[in-house]
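All residue numbers in the sequence shown are consecutive under the working numbering, ending with 743. Backbone N, C-alpha and C fix where the C-beta goes; we use that ideal spot for every residue, glycine too. Values in this document were obtained by computation on a predicted structure and should not be read as measured data.
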Amino acid sequence: MKANFIFIVLFISYTTYGQGKRNAESYADLLIVNAEIYTVDAAKTWAEAMAIKNGRIIYVGSLKEANKLKNKTTKILDCEGKFIMPAFYDMHCHILQAVLDEGRFWKIQSNTIEGTIKKIQEGLVAQKNSLWITGAGYFPEIFGEDGPNKSILDSIIPDKPAFFYDIGFHNIWVNSKALQLADIKKETVYKDHEDWIVKDKNTGEPTGWIKEDARELVTQITPKANYLEADVEYTFTRVSSLLAENGIVSVQDPSSFDITLLKLYHDADSIGLLTSFNLSFGLPYLIKNDNLSLDDRLSGLITLSKRYQSKNVKTNTVKLFIDGTLESKTAAVSEPYLNSAERGSLLYDSLQLKYIIQKLDSAGFQLHFHAIGDRAIRASLDGIEYAIQVNSNNLRRHQITHVNLPLPVDIPRFKKLGVIANMQFWWMDNSNYYTELLPSIIGEKRVHQLHPFKSFVNEGSLLSAGSDFPVTPISPLEAIQKAITRKDIDSKDELIFEKKESLDLQETLAAFTIGGAYAQFMEKEAGSLEIGKWADFIVLDKNLFVVEPMDIHKTKLLKTFYRGNLVYNKE
Numbered sequence: 173m174k175a176n177f178i179f180i181v182l183f184i185s186y187t188t189y190g191q192g193k194r195n196a197e198s199y200a201d202l203l204i205v206n207a208e209i210y211t212v213d214a215a216k217t218w219a220e221a222m223a224i225k226n227g228r229i230i231y232v233g234s235l236k237e238a239n240k241l242k243n244k245t246t247k248i249l250d251c252e253g254k255f256i257m258p259a260f261y262d263m264h265c266h267i268l269q270a271v272l273d274e275g276r277f278w279k280i281q282s283n284t285i286e287g288t289i290k291k292i293q294e295g296l297v298a299q300k301n302s303l304w305i306t307g308a309g310y311f312p313e314i315f316g317e318d319g320p321n322k323s324i325l326d327s328i329i330p331d332k333p334a335f336f337y338d339i340g341f342h343n344i345w346v347n348s349k350a351l352q353l354a355d356i357k358k359e360t361v362y363k364d365h366e367d368w369i370v371k372d373k374n375t376g377e378p379t380g381w382i383k384e385d386a387r388e389l390v391t392q393i394t395p396k397a398n399y400l401e402a403d404v405e406y407t408f409t410r411v412s413s414l415l416a417e418n419g420i421v422s423v424q425d426p427s428s429f430d431i432t433l434l435k436l437y438h439d440a441d442s443i444g445l446l447t448s449f450n451l452s453f454g455l456p457y458l459i460k461n462d463n464l465s466l467d468d469r470l471s472g473l474i475t476l477s478k479r480y481q482s483k484n485v486k487t488n489t490v491k492l493f494i495d496g497t498l499e500s501k502t503a504a505v506s507e508p509y510l511n512s513a514e515r516g517s518l519l520y521d522s523l524q525l526k527y528i529i530q531k532l533d534s535a536g537f538q539l540h541f542h543a544i545g546d547r548a549i550r551a552s553l554d555g556i557e558y559a560i561q562v563n564s565n566n567l568r569r570h571q572i573t574h575v576n577l578p579l580p581v582d583i584p585r586f587k588k589l590g591v592i593a594n595m596q597f598w599w600m601d602n603s604n605y606y607t608e609l610l611p612s613i614i615g616e617k618r619v620h621q622l623h624p625f626k627s628f629v630n631e632g633s634l635l636s637a638g639s640d641f642p643v644t645p646i647s648p649l650e651a652i653q654k655a656i657t658r659k660d661i662d663s664k665d666e667l668i669f670e671k672k673e674s675l676d677l678q679e680t681l682a683a684f685t686i687g688g689a690y691a692q693f694m695e696k697e698a699g700s701l702e703i704g705k706w707a708d709f710i711v712l713d714k715n716l717f718v719v720e721p722m723d724i725h726k727t728k729l730l731k732t733f734y735r736g737n738l739v740y741n742k743e
């Protein structure tokens, strides 16, 4: 069934396009005129004017009819032909963590080892008075299949402990001093994951590459940031600015296992600092404390949810990590990695996972899964299917995020089970991560199966979009471009992995708007520009439908409106 069907079925508004009733109370507070308005309603309607009253849309359609809702107090915004569309939803964004850590980890992103070393040296100077040297953002592809080695860091930082997160914040690169302080030796194994502390194939010594939760052997002995000491007003002014200047009005923050973040959101909302966006927070289902029973964990989550729910902060989502990443061979795959017997790790036993999902679903929680490998995706789907059978409902709008490498036979199950595919469109391109690193790890065939965006749409599955900021840029415009082109932002290379999996612009915009609103249980209130919905919209300097796909990222976002209020103005 074709893609448009899902939106016709799911997103028929309870109001009617183009019908605005006048009475003494119905004159507009704000009238948008002379615009190219793409409404993202079920019919993909275009309009030239929109009227807003008390933060909601009371008319969208022709300029002639809109003018009937104008009186002496109505403010007029003449857009002079500029493009308007619904504001964006980011359904996987670590926005608060990113802001809190802006000065904590030195950024070392570079496409070369030499460039990475230079940035580390700059960080060393900046952190000369620190006990530890820390940073984040190295690209795994520059080190190849064997990963980064402590010898490079030892030559730069011989006398202080140092660690650096990779771009995905799953794995760390450490020097010998850090290994020594963490007491990591030849014989050290993290729980039952022998490959999470990488050892030299000849000597057996730790190489300095530490994967997934084994990183805590190092991070737990480093100085801790006390987020509760953060300047709340400054922090949330920065959060609000970052979101508004990118046209984002709703976020799902999938948490970083730090409940302090939730408390900060709650505190900020309670003193009126969340005025330009709303969010849902992914409560962490912690698997580290093996002494807690499922019932105890569930009780704790329910208590957290009730305690921190507030006007603009929803707490009915739980985050579950199911596997790791492909580049570190910790993603759970069905067929072994190349030249290896390893298939990655499911972080839960499959039967245990089914029971956890069923109990959380029964308690009314929406689940947000991190699942990258095909085995992890299937285990998540199996658990959701079990929950539906036992609980006799399909109401929770569970999201499986990343979904890098699904088995083709599992793609139709998303629609069947009502599961939202939460996609990071920015991730798929023709960079050397895909042309060099991943072919050496999973093989060319599986590289061509990655990120099958169009296959999901063709099967009628609902997509939402997430940046995974700060792992990758927060810009929706860059991600929209990459969903369509499947190429690096400024790529001159004609190579495209599976062009047939490219989305068109309508499909991509739907994921960033009405798809996100649906994932937030807000599709009747927002996500499209229709009568009765909140006036959440953005103004762009160019019509995206006439811009060349490779130039979409050059489009300028001029204004962001949230509930009828101007929250960002570039002009």
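Query raised in the report: Going straight from the alpha carbon of L763 to that of L712, what length do you get?
Result: An answer regarding residue 763 cannot be provided, because it is not within the stretch 173 to 743 covered by the chain.
Query raised in the report: Can I560 and F541 be called in contact, C-beta distance under 8 Å?
Result: I560 is not a Cβ neighbour of F541, given a cutoff of 8 Å.
Report task. Return yes when the Cβ of N321 is within less than 8 Å of the Cβ of T379, no when it is not. Result -> yes
Query - Backbone secondary structure at F336 - three-state DSSP - result: Of the three classes helix, strand and coil, the one that applies to F336 here is strand, per DSSP.
Report task. Using beta-carbon positions only, say whether Y310 and I280 come within less than 8 Å of one another. Result -> yes
Report task. Within 10 angstroms of the Cβ of D318, are there 16 or more other Cβ atoms? Answer buried if so, exposed if not. Result -> Burial check for D318: the Cβ neighbour count within 10 Å stays below 16, so the residue is exposed.
Report task. Give the single residue among N565, K435, I431, V421 whose Cα lies nearest to the Cα of S700. Result -> Checked all of N565, K435, I431, V421; the closest Cα to S700 is V421.
Report task. Can you check DSSP and say which residues form a bridge with R658? Result -> Per the DSSP secondary-structure output, R658 pairs with nothing in a beta bridge.
Query raised in the report: If you follow the alpha helix (DSSP H) that G688 is part of, which residue opens it and which one closes it?
Result: 686 to 691
Query raised in the report: What does DSSP give as the partner residues of N511 in its beta bridges?
Result: Paired residue(s): none; N511 is not in a bridge.
**Report entry** Nearest-angstrom Cα separation, counted from Y261 out to A503
**Finding:** 27 Å
Query raised in the report: Taking Cβ to Cβ, would you say R585 is nearer than 8 Å to Q538?
Result: no
**Report entry** Three-pair Cβ contact test at 8 Å for the stretch 482 to 494 versus the stretch 720 to 730
**Finding:** no
Query raised in the report: For F179, which three-state DSSP category applies?
Result: A caution first: F179 carries a pLDDT of 44, below 50, which makes its placement in the model unreliable, though a value can still be read off. It is helical.
Query raised in the report: If we count the other Cβ atoms within 10 Å of its Cβ and call it buried at 16 or more, is Q596 buried or exposed?
Result: buried
Query - Segment limits, beta strand (DSSP E) that includes Q352 - result: No beta strand (DSSP E) contains Q352, which is instead part of the alpha helix (DSSP H) from 348 to 353.
Query - With 16 other Cβ atoms within 10 Å as the buried cut-off, status of L609 - result: With 16 or more other Cβ atoms within 10 Å, it is buried.
Query raised in the report: Under the rule that 16 or more other beta-carbon atoms within 10 Å means buried, what is T288, buried or exposed?
Result: buried
Query raised in the report: Can you list, in chain order, the residues of its chain whose CB lies under 6 Å from that of L667, leaving out five sequence neighbours each side?
Result: N602
Report task. Out of E679, K225, Q424, point me to the one whose CA is closest to A215's CA. Result -> E679
Report task. Would you grab the beta carbon distance between T657 and M722 for me? Rounded to a whole angstrom, and I think it's under 8 Å. Result -> 6 Å
Requested in this report: Name, in chain order, the residues that DSSP records as bridge partners for R228.
Outcome: K225, W706
Requested in this report: Measure the CB-CB distance between F684 and I652 and report whether it falls below 8 Å.
Outcome: Taking 8 Å as the Cβ cut-off, F684 and I652 qualify as a contacting pair.
Query - contact_flag[the stretch 232 to 245, the stretch 206 to 224] where n(CB pairs < 8 Å) is 3 or more - result: yes
Requested in this report: Examine the Cβ distances between the stretch 368 to 384 and the stretch 490 to 501 and report whether three or more of them are shorter than 8 Å.
Outcome: yes
Requested in this report: Could you check which residue in K617, P330, I583 has the C-alpha nearest to that of S552?
Outcome: I583
Report task. Please state whether DSSP places W503 in a helix, a strand or coil. Result -> It should be noted that the sequence gives Ala, not Trp, for residue 503. In the structure shown, A503 adopts coil according to DSSP, grouped into three states.
Query - Inter-residue spacing [alpha-carbon to alpha-carbon] between D467 and L476 - result: 14 Å
Requested in this report: Give the DSSP bridge partners of M595, in chain order.
Outcome: A637
**Report entry** Three-state secondary structure (DSSP) of L622
**Finding:** coil
Query - Neighbourhood of A196 by C-beta distance below 6 Å, restricted to the same chain and skipping five residues each side - result: Confidence is the limiting factor: at A196 the pLDDT is only 48, short of 50, which leaves the residue's position unreliable, though a coordinate-based value still follows. Contacts found: none.
Query raised in the report: Looking at the structure shown, is P258 part of a helix, part of a strand, or coil, going by DSSP?
Result: strand
Requested in this report: Could you say which of L492, V423, S452, Y690 lies nearest to F429 if we only look at CA atoms?
Outcome: L492
Query - Under the three-state DSSP convention, the category T211 falls into - result: coil
Query raised in the report: Does DSSP put I668 in a helix, in a strand, or in coil?
Result: coil
Report task. Identify whether G285 lies in helix, strand or coil by the three-state DSSP scheme. Result -> Reading the sequence as shown, one finds Ile at residue 285 and not Gly. I285: helix per DSSP, three-state reduction.
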